[in-house]
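Undergrad: Residues in the sequence shown are numbered from 61 upward in steps of one, following this note's numbering. All C-beta atoms, glycine included, are put in the ideal place defined by N, C-alpha and C. What follows is a structure written as structure tokens; I'll ask about it next.
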Amino acid sequence: MNIQVLYKPSYSVAKVNLSSGESIKAEAGALMSMSSHIQMQTSKAQQGGLFKSLKAAFLGGESFWMNTFSASQAGEVLLAPTLPGDIEKLELNGTIFIQSSSFLASKPEIDIDTKFQGLKGFFSGESLFFLKLSGSGPVLISSYGGIEVLDVEGEFIVDTGHIVAFEEGLQYEITKFGGWKSFFLGGEGLVAKFKGKGRLWLQSRNVPTLGAWFRSELPPRKE
């Protein structure tokens, strides 16, 4: 399998060249184009554990379904994320957590499950889930805007809307930023405080902030 990321760093597209018998697993809706002899099979991401029903209820939709593209002979698949931004190819060897909206594709043998964030995810205003990927092989993550890669050792604070992925060595908690005046009037709200040692991937733009801007530009609703 050969993967090239085209058009970096904006509006990136992943070009995946598959040899005969190879496959790649991608989020539903990511297909841009493929060779005519590539076969596609749709399935759910893994479910299990105490929060199985919650996963189905809250993560549902396109991001919960995966498409596997398999080549009966050499061919190519082009994958594009929903939001305008960059794509990063990672060589996974262990475990990584990815914001559910930032997963694009991976080798089929990599195990994908969800990590329930509980109320801290709910109050952050973000997705209730990270995807937990474990195994060895290529993984593609996407961002809204550019991707910043940081090696964290100790503590580091990130706006929750800018998290793309982080390594297993990092733990986090959700907390308010500054005092109550900053919390309500400063535009920052809640942040994730990371602790430990590991790599952290951030995106330069924030989807919830974009949504809030669009809502502010809409005309008032007529009663």
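Given this structure, state the Cα-to-Cα distance separating GLN101 from LYS75, to the nearest angstrom.
TA: Cα-Cα distance, rounded: 19 Å.
Undergrad: Given a threshold of 16 other Cβ atoms within 10 Å of its Cβ, counted over all protein chains shown, does GLN263 qualify as buried or as exposed?
TA: With 16 or more other Cβ atoms within 10 Å, it is buried.
Undergrad: Which partner residues does ARG259 have in the DSSP bridge list?
TA: In DSSP, ARG259 forms a bridge with ASP211.
Undergrad: Measuring alpha carbon to alpha carbon, tell me which of ILE207, SER196 and GLN231 ends up nearest PHE190.
TA: When each option's Cα is compared against that of PHE190, the closest is GLN231.
Undergrad: So, at 6 Å on beta carbons, what are the nonlocal neighbours of MET94 in its own chain, with the 5 sequence-adjacent residues on each side left out?
TA: Result list for MET94: VAL137, in chain order.
Undergrad: Within 10 angstroms of its Cβ, does TYR67 collect 16 or more other Cβ (buried), or is it exposed?
TA: TYR67 should be labelled exposed.
Undergrad: Report all residues from its chain with a CB closer than 6 Å to the CB of ASN62; omit the five preceding and five following residues, and keep chain order.
TA: Cβ within range, chain order: ASN77.
Undergrad: Please state the DSSP three-state secondary structure of SER276.
TA: Of the three classes helix, strand and coil, the one that applies to SER276 here is helix, per DSSP.
Undergrad: Quick check on MET92: buried or exposed, where buried means 16 or more other Cβ atoms within 10 Å of its Cβ?
TA: It is exposed - the Cβ of MET92 has fewer than 16 other Cβ atoms within 10 Å.
Undergrad: In the structure shown, what three-state DSSP assignment does SER83 receive?
TA: If DSSP states are grouped into helix, strand and coil, SER83 belongs with the strands.
Undergrad: Does DSSP classify GLY229 as helix, strand or coil?
TA: The answer is coil: DSSP assigns GLY229 none of H, G, I, E or B.
Undergrad: Put SER72 into one of helix, strand or coil per three-state DSSP.
TA: The answer is coil: DSSP assigns SER72 none of H, G, I, E or B.
Undergrad: Could you pull the start and end residues of the beta strand (DSSP E) that ILE63 belongs to?
TA: 62–66 is the span of the beta strand (DSSP E), which, as asked, contains ILE63.
Undergrad: Find the nearest neighbour of GLY205 within the set GLY154, SER194 and ARG265, judged by alpha-carbon distance.
TA: Of GLY154, SER194 and ARG265, the residue nearest in Cα terms is ARG265.
Undergrad: Does the contact criterion of 3 or more C-beta pairs under 8 Å hold for the stretch 218–233 versus the stretch 151–160?
TA: They touch, by the three-pair rule.
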